[in-house]
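J.: After the structure tokens below, expect a handful of questions from me.
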Amino acid sequence: MKKILFIVPVIAFLVLLFSHPGDVASGCTRGLTLWYTAVLPSLLPFMIVSNLLVATGMFRYLNPFYAPVLKRIFRISEEGCYAAVVGFLCGFPMGAKVIGDLVQKRQISAAEGSYLLGFCNNVSPAFFLNYICLSKLGCRSVPWKLVLLFYGLPLAYGFFTRPLYHFPGSDSGSFAPAAGREKKQASLHRLDFPMLDACMMDGFSTITRLGGYIMLFTILVQFLKLLPLSPSLLALLSGVLEISCGIDQIASAASFSPAVRTALICTCAAWGGACICAQTKSVLAGTPLSVRTWLRGRITLALLAFLLVQLPAAAPVPYGCW
47 MKKILFIVPV IAFLVLLFSH PGDVASGCTR GLTLWYTAVL PSLLPFMIVS NLLVATGMFR
107 YLNPFYAPVL KRIFRISEEG CYAAVVGFLC GFPMGAKVIG DLVQKRQISA AEGSYLLGFC
167 NNVSPAFFLN YICLSKLGCR SVPWKLVLLF YGLPLAYGFF TRPLYHFPGS DSGSFAPAAG
227 REKKQASLHR LDFPMLDACM MDGFSTITRL GGYIMLFTIL VQFLKLLPLS PSLLALLSGV
287 LEISCGIDQI ASAASFSPAV RTALICTCAA WGGACICAQT KSVLAGTPLS VRTWLRGRIT
347 LALLAFLLVQ LPAAAPVPYG CW
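The opening residue of the sequence shown carries number 47 in our numbering; numbering runs sequentially from there.
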């Protein structure tokens, strides 16, 4: 039965590939354009730099700026604090990649990685402010109430789910002894050209895989347009598959009220789409981490975003006025 459920969609997809070459070309063009103009320049430099910081251990020199606060709030290690910061600042799927790298290199435990994966892999603030708030929602200035609500949700999720995970945190004293600090210092590695080449190739390999997933899912979104669906349903299904296409179609759907439109766009951004799910699973390959942890967090945050963004304190009235 499982094989049939898998084979039928694959056969249907292959049939559409050969019977609708124009839609395939349009989806490919949109996906590759999105990858080349937005994803590659915004993520590849961070991937290479993050690979170097993790490989050399130099990221520990950044920890004093944010670790004291994050360790108290989430009771995680200093290494986990670095993953949390990257996951909030750099966007999908950088948080998951850094968490996977740290688990692979045994800088953090698999239990801590699973905990962080639930809330530290989010859409980047730059994407949320520029593309979502200013471009698609038509905000005249930065809607700080909406921004604080959107990023406060994963922080609250991380805080309240911490008791469900058991691993040595900042309150255990495991990082306090001098011997532990000396061990960390001893684990630093000097940067050389073989290490630089390996970090660069890892970044190029990851960004290329992400481009393939984006292209594949934009083709799927293009195929959705062949179905006799209403614009509203088409927009919602597109948001389930791919974040940028979904947000674009939801923003242009006239059937949604301003508050519902804003809530649906934030829900789509919190969820990330099946494309981001596939990307996350890809960057976690070779680690003991499961994408199910990420899925639980995303689904919970998406539902909360849909409910809370419609509150009078957060929703815009009228549309575009914050």
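Virtual Cβ for every residue (Gly too), placed ideally from N, Cα, C. Because the structure is a prediction, the values reported are computed rather than measured.
Rounded to whole angstroms, what's the CA-CA distance from residue 146 to residue 122? Just pull it up for me.
T.: 16 Å
J.: So within the stretch 59–111, which uninterrupted alpha helix (DSSP H) runs reach at least 4 residues, ignoring any that extend past its ends?
T.: 67–80, 86–102
J.: Mind reading off the beta-carbon distance from residue 325 to residue 87? Whole number of angstroms is fine, and I expect it under 8 Å.
T.: Taking C-beta atoms under 8 Å as the contact rule, residue 325 and residue 87 fail to qualify, at a distance of about 17 Å.
J.: Quick one: what's got a C-beta closer than 8 Å to residue 160's C-beta in the same chain, skipping five residues either side?
T.: Excluding sequence neighbours, residue 160 sits near 211, 335, 336, 339.
J.: Apply the 10 Å Cβ neighbour rule to residue 75 and answer buried if 16 or more other Cβ atoms are within range, or exposed otherwise.
T.: exposed
J.: Taking the alpha carbon of residue 251 as the point to measure from, which residue in 129, 109, 329, 349 has its own alpha carbon closest?
T.: Taking only the C-alpha atoms, the option nearest residue 251 is 329.
J.: Restricting to Cα atoms, I'd like to know which of 133, 351, 261, 356 is closest to residue 170.
T.: 133
J.: By the DSSP assignment, the alpha helix (DSSP H) with residue 278 in it spans what residues?
T.: Per DSSP, residue 278 belongs to the alpha helix (DSSP H) from 277–287.
J.: Express the C-alpha separation of residue 150 and residue 100 in angstroms, rounding to a whole number.
T.: About 11 Å.
J.: Would residue 282 and residue 316 be called neighbours here (beta carbons separated by less than 8 Å)?
T.: no
J.: For the candidate residues 57, 65, 274, 162, whose alpha-carbon lies nearest to that of residue 206?
T.: 162
J.: Less than 8 Å between the CB atoms is what I'm expecting for residue 314 and residue 289, so what's the real figure, rounded?
T.: 6 Å
J.: Going by other Cβ atoms of all chains shown within 10 Å of its Cβ, with 16 needed for buried, is residue 228 buried or exposed?
T.: Any reading at residue 228 must be qualified, since the residue scores a pLDDT of 40, below 50, and its modelled position is unreliable; the value itself is stated next. So residue 228 counts as exposed.
J.: Look at the Cβ atom of residue 77, then the Cβ atom of residue 311, and state whether they are nearer than 8 Å.
T.: no
J.: In the DSSP assignment, the alpha helix (DSSP H) including residue 324 goes from what residue to what residue?
T.: 319–329
J.: For the alpha helix (DSSP H) that contains residue 166, what are its first and last residues?
T.: Where residue 166 is concerned, there is no enclosing alpha helix (DSSP H), given that its DSSP letter is neither H nor E.
J.: Span of the alpha helix (DSSP H) holding residue 353?
T.: 337–355
J.: With a 10 Å radius around its C-beta and 16 neighbouring C-beta atoms as the bar for buried, classify residue 254 as buried or exposed.
T.: exposed
J.: What number of angstroms, rounded off, separates the C-alpha of residue 97 from the C-alpha of residue 116?
T.: 22 Å
J.: Confirm, please, whether the CB-CB distance from residue 293 to residue 178 is below 8 Å.
T.: Cβ atoms of residue 178 and residue 293: closer than 8 Å.
J.: Three or more beta-carbon pairs under 8 Å between the stretch 58–73 and the stretch 264–277, yes or no?
T.: yes
J.: Report all residues from its chain with a CB closer than 8 Å to the CB of residue 89; omit the five preceding and five following residues, and keep chain order.
T.: 136, 137, 140, 253, 256
J.: On the DSSP letters alone, give me the boundaries of the alpha helix (DSSP H) that residue 149 sits inside.
T.: For residue 149, the uninterrupted alpha helix (DSSP H) run begins and ends at 140–150, by DSSP.
J.: Shortest alpha-carbon distance to residue 199 belongs to which of 173, 166, 172, 180?
T.: The shortest C-alpha to C-alpha distance from residue 199 to any of 173, 166, 172, 180 is the one to 166.
J.: Between the C-alpha atoms of residue 103 and residue 153, what's the straight-line distance to the nearest angstrom?
T.: Going by the C-alpha atoms only, they are around 9 Å apart.
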